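Trainee:
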Amino acid sequence: KNCHDAISFLFPDIDETCPSFTKLSFHSAVVGTGLDVRLMLYTWRNRTCAQVINSMDLGNLNVTKKTTFVVHGFRPTGSRPVWMEALVQGLLSVEDMNVIVVDWNRGATTVIYSHAAEKTKKVATILKEFIDRMLVEGASLDNIYMIGVSLGAHIAGFVGKMFDGQLGRITGLDPAGPLFNGKPPEDRLDPGDAQFVDVIHSDTDGNIPELGGSVSTPGASPWGSWLAGTDRVSPDSLFPVARFQSHINHTGKLVECSEELLREGGCFPGLLPCEAIILTNPGQADLHTVWTDASVCATGPVADELGGVKSSEQCESLACSLPALGYKEPLGNIDFYPNGGLDQPGCPKTIFAGMEYFKCDHQRSVYLYLSSLRENCSIAAYPCDSYRDYRNGQCVTCGIPHKESCPLLGYYADNWKDYLRQKDPPMTKAFFDTAEKEPYCIYHYFVDIIIWNKNIRRGSITIKLKDKAGNTTESKINHEATIFEKYQQVSLLARFNKDLDKVASISLVFSTDNVIGPRYKLRILRMKLRSLAHPER
1 KNCHDAISFL
11 FPDIDETCPS
21 FTKLSFHSAV
31 VGTGLDVRLM
41 LYTWRNRTCA
51 QVINSMDLGN
61 LNVTKKTTFV
71 VHGFRPTGSR
81 PVWMEALVQG
91 LLSVEDMNVI
101 VVDWNRGATT
111 VIYSHAAEKT
121 KKVATILKEF
131 IDRMLVEGAS
141 LDNIYMIGVS
151 LGAHIAGFVG
161 KMFDGQLGRI
171 TGLDPAGPLF
181 NGKPPEDRLD
191 PGDAQFVDVI
201 HSDTDGNIPE
211 LGGSVSTPGA
221 SPWGSWLAGT
231 DRVSPDSLFP
241 VARFQSHINH
251 TGKLVECSEE
261 LLREGGCFPG
271 LLPCEAIILT
281 NPGQADLHTV
291 WTDASVCATG
301 PVADELGGVK
311 SSEQCESLAC
321 SLPALGYKEP
331 LGNIDFYPNG
341 GLDQPGCPKT
351 IFAGMEYFKC
361 DHQRSVYLYL
371 SSLRENCSIA
381 AYPCDSYRDY
391 RNGQCVTCGI
401 PHKESCPLLG
411 YYADNWKDYL
421 RQKDPPMTKA
431 FFDTAEKEPY
441 CIYHYFVDII
451 IWNKNIRRGS
461 ITIKLKDKAG
471 NTTESKINHE
481 ATIFEKYQQV
491 SLLARFNKDL
501 DKVASISLVF
511 STDNVIGPRY
521 KLRILRMKLR
531 SLAHPER
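Okay, so the sequence shown: first residue is 1 according to UniProt numbering, each after it adds one.
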């Protein structure tokens, strides 16, 4: 026994009964789950073995240290978030803190998104009660940090409201858009919910599946021939398995919604795509993601919910694309928009990639935050009015007196807190581009070019850098054609995947992007390369 106690003291992570994040099956998602919130504490002492705590038992929680809550979102399959462990370990690697995983998988696990969204304020109330106990034990609101993913971002906001915005910090990772778009501040995350609120928006534009078929024909399925002849379900309704028994004769088709189920869900704009059951064999159900047929929402009990939509043409415009999973408008003191908050590099472009097509952009915010916890990648963002202005190189100086650097994405974004809180209004949008895979860093250079061609030249350029060791990196500036005039300096923002310390040579290829037209040379009088990350070079 003494030997076992000694081992437990030296290696507290060794525990045969380590609690784990609640794992549920898809069956649980179909039948629904009641709300149950578990708080799982990780510290330097127990990095890999969580300790379940509550307001009656704080366990190893040291209330004098910074406490970071990690709150996940909607879980339509019941699985554990794939990024959870990496985020916990990443946070512990940068600071000696308490990390509390808010496990509300029982409640978030459901195929009916609105049911999970309805529970967010209840989760916030439970967290508020726990933080109250922390305060009694000597904790400070200044040391409370909440990281919320998707629905979790709004949960963090609701907690912040309960403390009159005195929480130290909230980070929203692609806050959920469906059912929160257009809501007033009291019903969503807001800049006033904490002393500092930073947000990463990675999925703000939605998707249109590339499957062919016509969506211009009234009543046509936006999914083309792939779903030809199938019945439809509504995007916010899915039946418990038991309800399939009367629909076995629909083998190979989607089970048709009853009027009762349409009342429960319905074809509402801004909701998640329908995760529908397709009966491929009698008694066997496969999960596929589809969108509702226009004729469903143009008739029946849901018509009034759509503001009186009656025609198939009007309803088709709601059905032909999948809404973004994230919230587009600014929600924090600083809102980061990687790649404009639009399609993320490296994410699938077609539905044939399966569920990854739907969740990749949404989850990218988490992985970008994770990159900020690693020493090999610090992503700078550029405050700007629009992504287009940023891409055109109009926002590459942050314009802050006595401030050397632009805001950093992720964990260290609060270095800008004091400046941002003085702004009126206290909100800033910041844009940046990323690579398509980890660590996602892109290195920005300004390229100043002066030509001496007699006539105006218009086209795009590709720039290649080479260092003394022979390493190369290339950037094609092709987001829109550039106009070059004699003796007029043109400054272009170039992005490279590698950061070359000592550039030995620069080569440039000019293209008019005109296959059949004449080809021109660009006669360069002067070219200068400036690193934005390292202006001293």
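The C-beta atom is built at its ideal place from N, Cα and C for all residues, glycine as well. In this text, all values refer to a predicted model and were calculated from it rather than measured experimentally.
Look up Lys528 in the DSSP assignment and say whether it is helix, strand or coil.
Mentor: Three-state result, Lys528: strand.
Trainee: What residues in its chain sit with their C-beta under 7 Å from that of Ala435, if we drop five residues either side in the sequence?
Mentor: Pro345, Cys441, Ile442 and Asn497
Trainee: Cα separation between Leu58 and Asp187?
Mentor: 30 Å
Trainee: If we ignore side chains and look at the alpha-carbon of each, how far apart do His115 and Val102 end up?
Mentor: Going from the Cα of His115 to the Cα of Val102 covers about 18 Å.
Trainee: My output table needs one value for Ser460: the three-state DSSP class, helix, strand or coil.
Mentor: strand
Trainee: Locate the beta strand (DSSP E) running through Val94, then write down its first and last residues.
Mentor: Segment Met84 to Val94 is the alpha helix (DSSP H) holding Val94; no beta strand (DSSP E) there.
Trainee: Among residues of its own chain, excluding the 5 on either side of Tyr520, which ones have a beta-carbon nearer than 7 Å to its beta-carbon?
Mentor: Excluding positions up to five away in sequence, the list reads Arg457 and Thr512.
Trainee: Quick check on DSSP: helix, strand or coil for Gly224?
Mentor: Low local confidence applies: a pLDDT of 26 at Gly224 is under 50, so the model's placement there is unreliable, and no value is given.
Trainee: Specify the secondary structure class of residue 603 as computed by DSSP and reduced to three states.
Mentor: Shown here, the chain extends from 1 to 537; a query on residue 603 therefore has no answer.
Trainee: Flag this pair as touching only if the segment 442-452 and the segment 408-426 have three or more C-beta atom pairs under 8 Å; answer yes or no.
Mentor: no
Trainee: Who are the near neighbours of Val99 in its chain, counting only those whose CB is closer than 7 Å to its CB and skipping five residues on each side?
Mentor: Around Val99, the same chain offers Tyr42, Thr68, Val70, Val88, Leu91 and Leu92 as residues with beta carbons nearer than 7 Å, after the five sequence neighbours per side are excluded.
Trainee: Do Asp174 and Tyr327 come within 9 Å of each other at the CB atom, strictly closer than that value?
Mentor: Yes, they are a contact pair.
Trainee: DSSP three-state call for Gly59: helix, strand or coil?
Mentor: coil
Trainee: Would a C-beta distance cut-off of 9 Å place Leu189 and Gly177 closer than the cut-off?
Mentor: no
Trainee: Pop quiz: Lys122 and Met97 are said to be a contact at Cβ under 8 Å. What is the actual Cβ separation, rounded to whole angstroms?
Mentor: Not quite, the Cβ-Cβ distance comes to about 27 Å (not below 8 Å), so this is no contact.
Trainee: Just verifying my parser: in three-state terms, what is the DSSP assignment at Trp452?
Mentor: coil
Trainee: Am I right that Gly73 and Val149 are in contact with their C-beta atoms under 8 Å? What's the rounded C-beta distance?
Mentor: 5 Å
Trainee: Report yes or no: is there a C-beta of chain D within less than 9 Å of the C-beta of Val88?
Mentor: The chain inventory of the structure shown lacks chain D, comprising one protein chain alone.
Trainee: So for Gly410, helix, strand or coil by DSSP?
Mentor: helix
Trainee: Give the straight-line distance between the Cα atoms of Asp36 and Leu331, rounded to the nearest whole angstrom.
Mentor: 28 Å
Trainee: Rounded to the nearest angstrom, what separates Leu525 and Ile477 at their Cα positions?
Mentor: Between the alpha carbons of Leu525 and Ile477 lies a distance of about 20 Å.
Trainee: Rounded to the nearest angstrom, how far is the Cβ of Arg388 from that of Leu493, given a contact under 8 Å?
Mentor: Not confirmed; about 12 Å, so no contact.
Trainee: Considering only the alpha carbon of each residue, which of Ile483, Arg495, Glu485 and Lys454 lies closest to Glu474?
Mentor: Arg495
Trainee: Within the same chain, show all residues whose beta-carbon is closer than 6 Å to that of Met527, passing over the 5 residues directly before and after it, in chain order.
Mentor: Ile449
Trainee: Between the beta-carbon of Val63 and the beta-carbon of Met134, is there less than 9 Å?
Mentor: Taking the C-beta atoms as reference points, Met134 is found nearer than 9 Å to Val63.
Trainee: For the 8 Å Cβ check, are there 3 or more pairs between the segment 346-355 and the segment 409-417?
Mentor: no
Trainee: Can you tell me the Cβ-Cβ gap for Gly160 and Leu151, rounded? I've got them flagged as a contact below 8 Å.
Mentor: The pair is not a contact, with the Cβ atoms about 15 Å apart (cut-off 8 Å).
Trainee: Quick one: Cα of Phe196 to Cα of Thr33, how far?
Mentor: 34 Å
Trainee: Going by the beta-carbon positions, is the gap between Ile170 and Ile147 smaller than 9 Å?
Mentor: yes
Trainee: Opposite Arg495 in the DSSP bridges: which residues?
Mentor: His444
Trainee: For Cys398, which residues from the same chain have a beta carbon less than 8 Å from its beta carbon, with the 5 sequence-adjacent residues on both sides left out?
Mentor: Tyr382, Pro383, Ser405, Cys406 and Pro407
Trainee: Please name the residue, chosen from Leu529, Thr428, Gly107 and Leu373, that lies closest to residue 539 on a Cα-to-Cα basis.
Mentor: Because the chain in this structure spans residues 1 to 537, residue 539 falls outside the shown range and cannot be described.
Trainee: Going along the chain, which residues of its own chain have a beta-carbon closer than 7 Å to the beta-carbon of Ser55, five neighbours each way excluded?
Mentor: The answer, listed in chain order, is Glu129, Phe130 and Arg133.
Trainee: Once DSSP output is grouped into helix, strand and coil, what is the label at Val101?
Mentor: strand
Trainee: Would Ile463 and Tyr487 qualify as a contact pair, given that the criterion is a beta-carbon distance under 9 Å?
Mentor: no
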